[in-house]
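For the sequence shown, the working numbering assigns the number 4 to the initial residue and increments by one for each residue that follows. Ideal Cβ placement from N, Cα and C applies to all residues, glycine included. Since the structure comes first, as structure tokens, the remarks are kept for the end.
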Amino acid sequence: MSQPEQPTVLVVEDEPAQREVLAYNLGAEGFTVARAENGEEALLLVDELAPDLIVLDWMLPSVSGIEVCRRLKSRQDTRGIPIIMLSARAEEVDRVRGLETGADDYVIKPYSLVELMARVRAQLRRTRAAAVGQRLEFEDIVLDPETHKVFRAEQTLKLGPTEFRLLSTFMEKPGRVWSREQLLDRVWGRDIYVDTRTVDVHIGRLRKALCQHGGDDPVRTVRGAGYALG
Ligand code: CA
4 MSQPEQPTVL VVEDEPAQRE VLAYNLGAEG FTVARAENGE EALLLVDELA
54 PDLIVLDWML PSVSGIEVCR RLKSRQDTRG IPIIMLSARA EEVDRVRGLE
104 TGADDYVIKP YSLVELMARV RAQLRRTRAA AVGQRLEFED IVLDPETHKV
154 FRAEQTLKLG PTEFRLLSTF MEKPGRVWSR EQLLDRVWGR DIYVDTRTVD
204 VHIGRLRKAL CQHGGDDPVR TVRGAGYALG
């Protein structure tokens with residue numbers, strides 16, 4: 004096989020200086036970089052280029068970053084593209100979470116480029132791992148990394164992207180106890196500032212999702228230690 008193609012990263016940012024700094028640094032990391040200065044252009048470029056990852060500013064003229072994210076995550080063909088949302092204030096991040104746009108990660112401005120690059124790499128590692136992954140099974144639960152589908156007792160389960168990654172982490176090693184910090188590392192990526200309470204919130208959602216057609220809650224809370232599947 005020839006060398007793998009460089010991943011394409013789409014940068015969506017209306018501030019020219021910020022857009023160029025991002026594009027320059029992503030290019031220096033070896034990525035193929037595409038730029039969009041507004042939401043409409045971003046949506047067109049996604050269709051045209053099928054990028055491997057999108058760095059998306061929240062504040063954009065006309066179609067906001069949130070709306071771009073929502074549209075892409077509601078489409079079957081684009082929902083698997085990881086989106087890292089850039090936001091000017093921490094309160095916005097809370098709002099983003101509240102709105103459940105499905106963004107895969109959030110970075111608060113002003114951000115460190117080193118940190119942002121680490122998050123980009125973490126997201127790409129995850130999608131690559133999932134792309135070569137095999138079906139995982141635990142009791143009556145089946146997770147298919149290729150189609151991003153989860154079944155329980157042969158019924159399809161609806162899961163958000165974070166819950167999906169949590170479940171794949173659990174299903175790689177059933178019975179293993181994961182601390183909140185380990186889950187943050189695996190699911191949200193290293194060097195990322197996310198409160199450990201966020202883990203609890205998403206575990207709650209995962210439990211609900213796993214039981215949406217009935218069945219027992221397979222996620223075990225291990226007091227003082229964390230969580231395990233089975
Ligand atoms: Ca902006």
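* Taking 9 Å as the cut-off, decide whether the C-beta atoms of Ala-91 and Met-62 are in contact. => Yes, the Cβ-Cβ distance between Ala-91 and Met-62 is below 9 Å.
* Asked: Mind checking Gln-158: buried by the 16 CB within 10 Å criterion, or exposed?
  -> Gln-158 should be labelled exposed.
* Asked: How big is the Cα-Cα spacing for Phe-34 and Val-12?
  -> Roughly 7 Å separates the two Cα atoms.
* Asked: Apart from the five residues just before and just after Gln-9, which ones in its own chain have a Cβ nearer than 8 Å to its Cβ?
  -> Result list for Gln-9: Gly-33, Phe-34, Thr-35, in chain order.
* Which first and last residues belong to the alpha helix (DSSP H) in which Gln-21 is found? -> For Gln-21, the uninterrupted alpha helix (DSSP H) run begins and ends at 19-31, by DSSP.
* Same chain, Cβ closer than 6 Å to Arg-73, neighbours up to 5 away in sequence not counted -> Taking C-beta separations shorter than 6 Å and ignoring five residues to either side along the sequence, the partners of Arg-73 in its chain run Thr-104, following chain order.
* What does the shell around ligand 1 hold, if a residue joins when its beta-carbon is under 7 Å from any heavy atom? -> Residues with a Cβ closer than 7 Å to any heavy atom of ligand 1, in chain order: Glu-16, Asp-17, Glu-18, Asp-60, Met-62, Leu-63.
* Would DSSP call Ala-231 helix, strand or coil? -> Three-state result, Ala-231: strand.
* Considering only the beta carbon of each residue, do His-205 and Ala-156 sit closer than 9 Å? -> Contact flag unset, no.
* Asked: In three-state terms, what does DSSP make of Phe-154?
  -> Per DSSP, reduced to three states, the secondary structure at Phe-154 is strand.
* contact_flag[the region 105-119, the region 185-200] where n(CB pairs < 8 Å) is 3 or more -> Cβ pair count under 8 Å is three or more, so yes.
* To do: From the DSSP output, in three-state form, read off Gln-215 for me.
  => In the structure shown, Gln-215 sits in a strand (DSSP, three-state: E or B).
* Asked: In or out: Pro-64 buried (at least 16 other Cβ within 10 Å) or exposed?
  -> So Pro-64 counts as exposed.
* **Close beta carbons around Pro-19, own chain, < 6 Å, minus the five adjacent residues each side** => There are no such residues.
* To do: Would you kindly work out how many angstroms separate the C-alpha atoms of Arg-22 and Ala-39, rounded to a whole number?
  => The straight-line gap separating the alpha-carbon atoms of Arg-22 and Ala-39 is approximately 8 Å.
* Asked: Are the Cβ atoms of Thr-165 and Arg-208 separated by less than 9 Å?
  -> Taking 9 Å as the Cβ cut-off, Thr-165 and Arg-208 qualify as a contacting pair.
* Asked: Could you give the uninterrupted runs of the alpha helix (DSSP H) lying entirely in the region 74-154, keeping only those of 4 residues or more?
  -> Entirely contained in the region 74-154, the alpha helix (DSSP H) runs reaching 4 residues are, in chain order, 93-102, 116-135.
* Asked: Grouping DSSP H, G and I as helix and E and B as strand, with all else coil, what is Ala-53?
  -> Coil at Ala-53, not helix or strand.
* **Per DSSP, the bridge partner or partners of Arg-223** => In the DSSP output, where bridge partners are listed per residue, Arg-223 has Ala-231.
* Closest to Val-96 by CA distance: which of Gly-178, Tyr-196, Phe-154 is it? -> Taking only the C-alpha atoms, the option nearest Val-96 is Tyr-196.
* What distance in whole Å lies between the Cβ atoms of Val-66 and Ile-87, which are believed to be in contact at a cut-off of 8 Å? -> With 8 Å as the limit, Ile-87 and Val-66 do not qualify as a contact, their Cβ atoms being about 18 Å apart.
* **Pair within 9 Å by beta-carbon distance, Leu-232 and Pro-148** => No, Cβ-Cβ distance for Leu-232 and Pro-148 is not below 9 Å.
* Quick one: using the 10 Å Cβ neighbour count with 16 as the cut-off for buried, is Thr-199 buried or exposed? => Exposed is the call here.
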